[in-house]
Each structure stands twice: as structure tokens, then as C-alpha cells.
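Data first, discussion second: the structure below is written as C-alpha cells.
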Ligand SMILES: [Cu+2]
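Residue numbers (the working numbering): 17 to 188.
See the structure below:
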């Protein structure tokens, strides 16, 4: 009866599995391992908006609220001015009913990241520059703005940025 046992390494069966995997990928499915590698690579990326803060140094607290209303999604406040070198502790509250994110970067990096999230919509963030915040929850993020320029915070869950979830940080 041994020859009747299913052997997935048999070349013909293996090619069926490969074809099936390719088919699922066409519909946006990704093998779990690949998704993991993508996230690890992302964690090694540089930070465009400065660097993670040092809790032993002084910081200013800025509270940000995320919510939905009448088909729009927003941050309040949606604009912030900081001095170069200043540390900000963001206290981000999700007052909505959907999961939202607060990802701080340059617009170019956030747009790249948003494109990646269209492929991996369930990606969650607990990074030095980005947090996923469930409804009615709060997250904190300490950040040091070491570069002058205009940066942004955005929610990269597909559709949310388009619905209004962006805000700016001007570093002077
Ligand atoms: Cu959102």
C-alpha cells in the first residue's frame, strides 16, 4: 500500500502545488514567510522624519485624536510645528470605531508604504515611527525631529489616507 500514499514531493504533484500557490498569489495571497520577510526589511529601513526619542531627555506632549465622521477620517490636530532637535511624545487616541494608524515619515516614504499595505492589508505596526491603534485605545510614541523640513503622519490602512488621514509636521 506504500505506493498509494500521497507524496507531495512527487514532481507532478509538486507542480500542482506550485501552480496553486501562484494562482492564490494572483488574488493577493502571500505565503506567510514572505510577509514576514517584508516586515523585517521594513524595520531595518531608515527613518525619514528623524529618529526615535530618548526618554531621559526633555519632551513635549502632543495629543492627537483619530476618528471617522460622515465618510471622512481625520486627525485632530492635523498640523504641528516643532523646532529642529525637539522631542515630542505623541499620545494618539483612536476615538473611532475602526482600527487606525499613526505612521510618521516623509510623504514619499508613506506613499511607498501605503502601496505595500495594499498588498498586505493586515500588516500591523508597532515600530519606533508607527503604531496601529485599535478602536478606543491609545498609543504613545516618542520622537526626536532631527531634520528640518515638512513631514507627515498618516494612516496607511487601504482607503484611510484617501479619506483624509494625513497631517503635517513642520520642523524649523
Ligand atoms: Cu485609519
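Ideal placement from N, C-alpha and C gives every residue a C-beta, glycine not left out.
Sixteen is the threshold: when 16 or more other Cβ atoms of the shown chains lie within 10 Å of the Cβ of residue 103, as they do, the residue is buried. Under the three-state reduction of DSSP output, residue 162 falls in the coil class, being neither helix nor strand.
The C-beta separation of residue 106 from residue 157 comes to about 5 angstroms, placing the pair in contact by the 8 angstroms criterion.
When secondary structure is reduced to three states using DSSP, residue 116 falls in the strand class. Boundaries for residue 153: no alpha helix (DSSP H) harbours it, and the DSSP string shows neither H nor E there.
Straight through space, the alpha carbons of residue 142 and residue 185 are spaced by roughly 20 angstroms. Residue 173 and residue 73 have their alpha carbons spaced roughly 32 angstroms apart.
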